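These notes concern the structure reproduced below.
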Amino acid sequence: MRPGELFSELPALAAHLRLVLENKKTVLLYAYNGTGKTRLSMAFKDIRGQEQTRGEGGDAVRDTLYFNAFTEDLFHWDNDLDGDSDRRLLLNMNSRFFQGVFELEMDNRIRPLLQRYADFDFRIDTREWSVRFSRTVGGQVIDNIKVSRGEENIFVWCLFLTIVQLALDGAESYAWVKYVYIDDPISSLDEHNAIAVGNHLAQLLKRPGSNLKTVISTHHTLFYNVLCNELGNSRKYFVSKNSAGDSHLLREEMGDTPFFHHVAALAELYQAAQEDRLFTHHFNMLRAILEKTASFHGHKNFSACIKQEDDDLDGILHARLINILSHGNYSLFEPQQMLDENKAYFKKILYDFLSRYPFNPVLFPQATQAAGAQ
0 MRPGELFSEL PALAAHLRLV LENKKTVLLY AYNGTGKTRL SMAFKDIRGQ
50 EQTRGEGGDA VRDTLYFNAF TEDLFHWDND LDGDSDRRLL LNMNSRFFQG
100 VFELEMDNRI RPLLQRYADF DFRIDTREWS VRFSRTVGGQ VIDNIKVSRG
150 EENIFVWCLF LTIVQLALDG AESYAWVKYV YIDDPISSLD EHNAIAVGNH
200 LAQLLKRPGS NLKTVISTHH TLFYNVLCNE LGNSRKYFVS KNSAGDSHLL
250 REEMGDTPFF HHVAALAELY QAAQEDRLFT HHFNMLRAIL EKTASFHGHK
300 NFSACIKQED DDLDGILHAR LINILSHGNY SLFEPQQMLD ENKAYFKKIL
350 YDFLSRYPFN PVLFPQATQA AGAQ
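Each residue of the sequence shown is one higher than the one before, counting from 0 in numbering that gives the first Met the number 0.
Structure representation (structure tokens):
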């Protein structure tokens, strides 16, 4: 991986990605949760809106079809709390995302995609801008069901892919699309579906004759690896947030093989510990590294990779801390600083791990001394 380039703000990084796409069809970004991937996707699409070109009525001209956390806001449930029988997923009819959708037989376009991943069906009501779902159980169709959040995400994803297909096919309603920006589409999928979604997306983007340029960002290692293997000619980057303000480091990967994410993650944790810049989500990253290391060495549990103390032969304390502190919704929202006590535990577990396993000392020059000082 090359040393990287530092960008002081996300709009500058977004502008750089647009420059890269002048000579590349696809850019793949790997970044952890909390790095700013969603904000980067919005900065990317906003660049065109800030230019001088304006449409009728002075509205900003857009050129980016995007899928990110904000896409979910275009859908909301009416659960029929009074009758508890007519549950509908309502669509935001004012969004350009749905422009021309209901004129193009969307049901028949979405259904083949949805059948790849789910066992429920749907029908779109073009008069009230809603979607109703059904499922066949024991040969009987059950209408107006409330699908799970993961199933809803799958439906939204298939709807988005249908719109991408329309843009690729040159549909007039989506002639404005020049770029497609996809941020973490598979947060609720298991590993099998992560592979299936990644492979299907890659095949769609590789269709000959397409002029669309695409950026895909994700924190999901397996999904990223699938895309790297399928889109070998793409430009691949690792994005990390720098400790100085809102700056971000963009490092390019060399070759077709994805970099070793556990080493990159470990280097980031080490730097954060050295700078006393530890947040609650760092426990999630540490647990993932411990699990990968345990699996590599043939252990069933990550606790085998935690240094055992004389008065704690099973490493129970630190294993329980990792278990407790690596779970919770806090990791999904704005990063929160660790408590000082938890910082001390985190540093001890991390430095002991680095001193126990022979990672390249050039990457972690003070780990052994730090472990001895704990």
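Glycine included, every Cβ here is placed at the ideal spot set by N, Cα and C.
Note that the coordinates shown come from a computational prediction; the quantities given were computed from them, not determined experimentally.
Pairwise C-alpha distance: residue j and residue i
{"i": "Ser294", "j": "Phe301", "result": "8 Å"}
{"i": "Glu8", "j": "Ala30", "result": "16 Å"}
{"i": "Thr25", "j": "His317", "result": "42 Å"}
{"i": "Val179", "j": "Glu340", "result": "44 Å"}
{"i": "Pro357", "j": "Val262", "result": "12 Å"}
{"i": "Thr135", "j": "Phe119", "result": "7 Å"}
{"i": "Gly208", "j": "Ser354", "result": "53 Å"}
{"i": "Ile123", "j": "Glu21", "result": "38 Å"}
{"i": "Thr279", "j": "Gln335", "result": "6 Å"}
{"i": "Ile109", "j": "Thr161", "result": "6 Å"}
{"i": "Phe66", "j": "Thr213", "result": "11 Å"}
{"i": "Arg319", "j": "His298", "result": "17 Å"}
{"i": "Ala264", "j": "Phe159", "result": "31 Å"}
{"i": "Ser216", "j": "Met41", "result": "12 Å"}
{"i": "Val196", "j": "Phe121", "result": "20 Å"}
{"i": "Val361", "j": "Phe352", "result": "16 Å"}
{"i": "Trp128", "j": "Ser94", "result": "12 Å"}
{"i": "Leu39", "j": "Phe6", "result": "12 Å"}
{"i": "Met0", "j": "Leu88", "result": "Legend: pLDDT at Met0 = 46, less than 50; position of this residue unreliable, value from coordinates given subsequently. If I take the Cα positions, the gap works out to 44 Å."}
{"i": "Asn241", "j": "Phe345", "result": "20 Å"}
{"i": "Asp106", "j": "Phe363", "result": "54 Å"}
{"i": "Leu249", "j": "Ser239", "result": "7 Å"}
{"i": "Ala68", "j": "Leu90", "result": "15 Å"}
{"i": "Ser330", "j": "Phe282", "result": "In this predicted model, Ser330 has a pLDDT of only 36, less than 50, meaning its place in the structure is not dependable; the value taken from the coordinates is given anyway. Roughly 9 Å separates the two Cα atoms."}
{"i": "Glu151", "j": "Arg126", "result": "21 Å"}
{"i": "Ser147", "j": "Lys23", "result": "38 Å"}
{"i": "Gly231", "j": "Leu18", "result": "19 Å"}
{"i": "Met284", "j": "Tyr116", "result": "29 Å"}
{"i": "Leu113", "j": "Glu104", "result": "15 Å"}
{"i": "Ser233", "j": "Cys227", "result": "8 Å"}
{"i": "Ile305", "j": "Glu274", "result": "22 Å"}
{"i": "Asn210", "j": "Cys157", "result": "21 Å"}
{"i": "Ser133", "j": "Ile321", "result": "41 Å"}
{"i": "Val155", "j": "Gly149", "result": "10 Å"}
{"i": "Met92", "j": "Val130", "result": "12 Å"}
{"i": "Ala266", "j": "Thr37", "result": "23 Å"}
{"i": "Phe96", "j": "Ile194", "result": "26 Å"}
Limits of the beta strand (DSSP E) - the one that residue i falls within
{"i": "Val179", "result": "Tyr178 to Asp182"}
{"i": "Thr217", "result": "Lys212 to Thr217"}
{"i": "Arg131", "result": "Ser129 to Val136"}
{"i": "Gln139", "result": "Gln139 to Ile144"}
{"i": "His247", "result": "His247 to Glu251"}
{"i": "Tyr116", "result": "That residue, Tyr116, is in no beta strand (DSSP E); it is neither H nor E in DSSP."}
{"i": "Phe237", "result": "Arg234 to Lys240"}
{"i": "Thr25", "result": "Thr25 to Tyr29"}
{"i": "Leu277", "result": "Leu277 -> no beta strand (DSSP E), and no H or E assigned at all."}
{"i": "Glu4", "result": "Glu4 to Phe6"}
Delimiting residues of the alpha helix (DSSP H) encompassing residue i
{"i": "Lys390", "result": "There is no way to answer for residue 390, as the model of the chain reaches only from 0 to 373."}
{"i": "Asp339", "result": "Asp339 to Arg355"}
{"i": "Thr161", "result": "Arg148 to Leu167"}
{"i": "Arg38", "result": "Lys36 to Gly48"}
{"i": "Val225", "result": "Thr220 to Glu229"}
{"i": "His15", "result": "Leu9 to Val19"}
Cβ-based burial, residue i [other Cβ within 10 Å; buried from 16]
{"i": "Ile323", "result": "exposed"}
{"i": "Ala174", "result": "exposed"}
{"i": "Gly33", "result": "buried"}
{"i": "Leu16", "result": "buried"}
{"i": "Trp76", "result": "exposed"}
{"i": "Lys205", "result": "exposed"}
{"i": "Glu4", "result": "exposed"}
{"i": "Ala343", "result": "exposed"}
{"i": "His296", "result": "exposed"}
{"i": "Glu252", "result": "buried"}
{"i": "Asp182", "result": "buried"}
{"i": "Pro184", "result": "buried"}
{"i": "Leu338", "result": "exposed"}
{"i": "Leu80", "result": "exposed"}
Min CB distance residue i to chain C below 8 Å
{"i": "His199", "result": "Considering every chain present, this structure includes no chain C. It has just one protein chain."}
Do the segment 126 to 146 and the segment 162 to 176 make contact, defined as three or more Cβ pairs closer than 8 Å? no
Determine, using beta-carbon pairs with one atom in the segment 191 to 210 and one in the segment 84 to 92, whether at least three such pairs fall under 8 Å. no
Any contact of the segment 3 to 17 with the segment 220 to 232, i.e. 3+ C-beta pairs under 8 Å? no
When the Cβ atoms of the segment 61 to 70 are set against those of the segment 270 to 289, are three or more pairs found closer than 8 Å? no
Runs of beta strand (DSSP E) lying entirely within the segment 66 to 113, each at least 3 residues, in chain order: 74 to 77 and 87 to 90
Is the number of C-beta pairs between the segment 275 to 290 and the segment 35 to 50 that are closer than 8 Å three or more? no
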